[in-house]
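J.:
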Amino acid sequence: PGLPGGPRSAAPLPAAVAPPPRPGVSAEVAASLASDAADAAVGEAVDALNLEMDEISDAMQASLEAEIGALRDEVRALQAALAARVDTVEAAQRDTQRSVSGLYQQRADTDTSYLVAELEYLVTVAGRSLTLDRNVSAASAALAAAASRLAGNDHPDLLPIRARLLADISALEEVEDVDIAGLALFISDTIENVATLPLRQAAEMHSPFRSLEESAEPVSDWRGTLAAMWNDVRSLVEVSNSSLPEGVLFDPELRYFVEQNMRLELVAARIAMLQRDSANLTAAVTNVKALLERFYQVEDERVAALVARLDELAATDLRPPLPSLSATLDAIRALRLERDVRATVTGQ
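Take the sequence shown: its letters are residues 2 to 349, numbered as in the working numbering.
#1: Please name the residue, chosen from V126, A305 and L314, that lies closest to R277 on a Cα-to-Cα basis.
#2: Does the beta-carbon distance from L173 to P324 come in below 8 Å?
#3: Would you check if the stretch 156-167 and the stretch 329-345 touch, i.e. whether three or more CB-CB distances between them fall below 8 Å?
#4: Got a sec, what are the start and stop residues for the alpha helix (DSSP H) V195 sits in?
#5: On the three-pair Cβ rule with 8 Å, is the stretch 115-130 touching the stretch 146-155?
#6: For A328 versus R165, is the C-beta spacing smaller than 8 Å?
#7: Is the beta carbon of V179 closer than 8 Å to that of L311?
#8: Give me whichever residues DSSP pairs with Y297 in a beta bridge.
#9: Between L151, R135 and A84, which lies nearest to Y115 when the distance is taken from Cα to Cα?
#10: Does the count of Cβ pairs from the stretch 300-310 and the stretch 260-274 closer than 8 Å reach three?
#11: With 16 other CB atoms within 10 Å as the buried threshold, where does F258 fall?
#12: In whole angstroms, what is the alpha-carbon distance linking R256 and S138?
#13: State buried or exposed for D169, treating a residue as buried only when at least 16 other CB atoms are found within 10 Å of its CB.
#14: Report the option in Q261, N281 and G70 whose CA atom is closest to the CA atom of N194.
#15: If we ignore side chains and look at the alpha-carbon of each, how far apart do I188 and R271 end up?
#16: Classify A269: buried if its beta carbon has 16 or more other beta carbons within 10 angstroms, exposed otherwise.
#17: Using only alpha-carbon positions, find the residue among L198, N136, Q202 and A142 that is nearest to E177.
#18: Using a Cβ-Cβ cutoff of less than 8 Å, which residues in the same chain neighbour E121 once the five nearest sequence positions on both sides are dropped?
#19: Output the distance between the C-alpha atoms of I301 and L282, rounded to the nearest integer angstrom.
#20: Specify the secondary structure class of T317 as computed by DSSP and reduced to three states.
#21: What do you get for T1, buried or exposed, if any count of 16 or more other CB atoms within 10 angstroms of its CB means buried?
#22: Grab me the residues of A140's own chain with a C-beta within less than 7 Å of its C-beta, minus the 5 sequence neighbours each way, in chain order.
#23: Excluding sequence positions up to five away, which residues of its chain have a Cβ less than 8 Å from the Cβ of V299?
#24: Which residue marks the beginning of the alpha helix (DSSP H) containing D169, and which one marks its end?
#25: Under the three-state reduction of DSSP, which class applies to E177: helix, strand or coil?
#26: Can you tell me whether I69 is buried or exposed? The criterion is at least 16 other CB atoms within 10 Å of its CB, across all chains shown.
#27: Going straight from the alpha carbon of S64 to that of E91, what length do you get?
#28: Can you name the start and end residues of the alpha helix (DSSP H) that A269 belongs to?
#29: To which residues of the same chain is L198 closer than 7 Å at the C-beta, ignoring the five residues directly before and after it?
#30: For V117, count neighbouring C-beta atoms within 10 Å of its own C-beta (all shown protein chains included) and say buried if the count is 16 or more, exposed if not.
#31: Within 10 Å of its beta-carbon, does M54 have 16 or more other beta-carbons around it, so buried, or fewer, so exposed?
#32: Excluding five sequence neighbours on each side, which residues of the same chain lie with their C-beta closer than 7 Å to the C-beta of E119?
#33: So what's A84 in DSSP terms, helix, strand or just coil?
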């Protein structure tokens, strides 16, 4: 029993049969023959046993090889099934990873969508401040606010925007901004203090006609009528001193008109300043300087300081070149459009 061709119980060795004694043969010869016959029987039995063992070994080898082949086939089948399972799991893992990445990207886009909209608004405000008002301070404040929104945000889509914002801020810092409000306040203060500026010494003359006129008593007869007519004619005549230099005020009442002209020219200069009109500002400043040099004491410290300040004002460039923010604004809008398209595709 057992494997086919497996080991079986060894057959009993045949007992040595001694040949019958023949007449005339000695007992020794008979014993020798019997021994030879026994040896021959044992050899035959051993040969038969070896043959049987060889058959059993061949059968066992064939059985083992068959079992090993079957096991190999089974292992190959298991390996193929395992490889297919691994491929399926890897494909599912890739799909899951793509889904997770898509969800993460969608969440990241959602989290930063409001930030991108805020950046677009702030850069738009900065651009309008430069284009419409030429207000460098307001534009710099808006760009600084936009850059602060990106501080600590390492989203790769926002890094180029942050770099552009920092470059724009640096460009605005190099602009020599004109303090329009401060200069306008200076002109307003000068307008209010025109009356305090020292005028040139006016010529004063005592008029006997004026004293006579002030001391005369009103006459109701024809003499009074003639006196009134004479006073009217006399008022049309101006008496001046030819020895006085040109530009010296003869009548102190003319100060009012000089001061009013100064105020009007300064108002014109302030309007030109607020409008950033360099041509009209220069013209108004020139007129103010002409009035100062003709009617005021230019050697006075206040007048000299005012003339020097007016020279600086006339030399001021009211419209310095300003950097453009269009490239930054276009980049932000392109990013917003890209995200809108990506959100639409993801939603489909």
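By construction, the Cβ of each residue, glycine as well, lies at the ideal position given by its N, Cα and C atoms. Being a predicted model, the structure only gives us computed values, none of them experimental.
T.: Taking the coordinates as given:
#1: Counted from its first residue, the sequence shown places residue 277 at position 276. With distances taken between Cα atoms, R277 lies closest to L314.
#2: Your numbering for residue 173 matches position 172 in the sequence shown. Your numbering for residue 324 matches position 323 in the sequence shown. Yes, the Cβ-Cβ distance between L173 and P324 is below 8 Å.
#3: The way I'd put it, the stretch 329-345 does touch the stretch 156-167; three or more beta-carbon pairs between them come closer than 8 Å.
#4: For this step, residue 195 is matched to residue 194 along the sequence shown. Neither: V195 is in no alpha helix (DSSP H) and is coded neither H nor E.
#5: Yes, the stretch 115-130 is in contact with the stretch 146-155.
#6: Translated into positions along the sequence shown, residue 328 becomes position 327. Translated into positions along the sequence shown, residue 165 becomes position 164. Yes, these two residues count as a Cβ contact at 8 Å.
#7: Within the sequence shown, residue 311 is the residue found at index 310, counting from 1. Within the sequence shown, residue 179 is the residue found at index 178, counting from 1. No, the pair does not count as a contact, with Cβ atoms beyond the cut-off.
#8: Reading the sequence shown from its first residue, position 296 is the one you call residue 297. Its beta-bridge partners are L200.
#9: By 1-based counting over the sequence shown, the position of residue 115 is 114. Cα-wise, what sits closest to Y115 is L151.
#10: As far as the Cβ criterion goes, the stretch 300-310 does not touch the stretch 260-274, which means the pair count is below three.
#11: By 1-based counting over the sequence shown, the position of residue 258 is 257. Here F258 is exposed, its C-beta having fewer than 16 other C-beta atoms within 10 Å.
#12: Here residue 256 refers to the residue found at position 255 of the sequence shown. Here residue 138 refers to the residue found at position 137 of the sequence shown. Linking R256 to S138 through their CA atoms gives a straight-line distance of about 41 Å.
#13: By one-based count along the sequence shown, residue 169 stands at place 168. Classification of D169: buried, given that the 10 Å Cβ count is 16 or more.
#14: The residue given as residue 194 occupies position 193 in the sequence shown. Ranking Q261, N281 and G70 by Cα distance to N194 puts Q261 first.
#15: For the purposes of this step, residue 188 is taken as the residue at position 187 of the sequence shown. For the purposes of this step, residue 271 is taken as the residue at position 270 of the sequence shown. Whole-angstrom Cα-Cα distance: 6 Å.
#16: Reading the sequence shown from its first residue, position 268 is the one you call residue 269. Classification for A269: buried.
#17: By 1-based counting over the sequence shown, the position of residue 177 is 176. Checking every option, the nearest Cα to that of E177 belongs to N136.
#18: Within the sequence shown, the letter at position 120 stands for residue 121. Excluding residues within five positions, the ones whose Cβ falls inside 8 Å are L330, I333, R334 and R337.
#19: Sequence index remark: in the sequence shown, residue 301 carries index 300 (1-based). Sequence index remark: in the sequence shown, residue 282 carries index 281 (1-based). Residue 301 is actually Asp in this sequence, not Ile. The straight-line gap from Cα to Cα measures roughly 24 Å.
#20: Taking the first residue of the sequence shown as 1, we reach residue 317 at position 316. Here T317 sits in coil by DSSP.
#21: Limits of the chain in this structure are 2 at one end and 349 at the other, which puts residue 1 out of reach.
#22: Within the sequence shown, the letter at position 139 stands for residue 140. Here the set comprises A127, S130, L131 and L173.
#23: To locate residue 299, count along the sequence shown from 1; it is residue 298. L293, A305 and V308, listed in sequence order.
#24: As a working mapping, residue 169 is identified with position 168 in the sequence shown. Here the alpha helix (DSSP H) through D169 covers L160 to E174.
#25: Position 176 of the sequence shown holds residue 177. Residue state, collapsed to three classes: coil.
#26: The sequence position of residue 69 within the sequence shown is 68, counting from 1. Exposed.
#27: Here the question's residue 64 lines up with position 63 in the sequence shown. Here the question's residue 91 lines up with position 90 in the sequence shown. Each residue's Cα considered, the two are about 40 Å apart.
#28: The residue you call residue 269 lines up with position 268 of the sequence shown. Looking at the DSSP string, the run of the alpha helix (DSSP H) that includes A269 is L255 to L275.
#29: For the purposes of this step, residue 198 is taken as the residue at position 197 of the sequence shown. Within the same chain, Y297, R303 and V304 come within 7 Å of L198 by CB-CB distance, once the 5 residues on both sides are set aside.
#30: Looking up residue 117 in the sequence shown gives position 116. By the 16-neighbour rule on beta-carbons within 10 angstroms, V117 is buried.
#31: Working through the sequence shown from its first residue, we reach residue 54 at position 53. Looking at its Cβ environment, which holds fewer than 16 other Cβ atoms inside 10 Å, M54 is exposed.
#32: Here residue 119 refers to the residue found at position 118 when the sequence shown is read from its first residue. So the list reads R150, once near-sequence residues are dropped.
#33: Numbered from its first residue, the sequence shown carries residue 84 at position 83. In this structure, A84 counts as helix in the three-state DSSP scheme.
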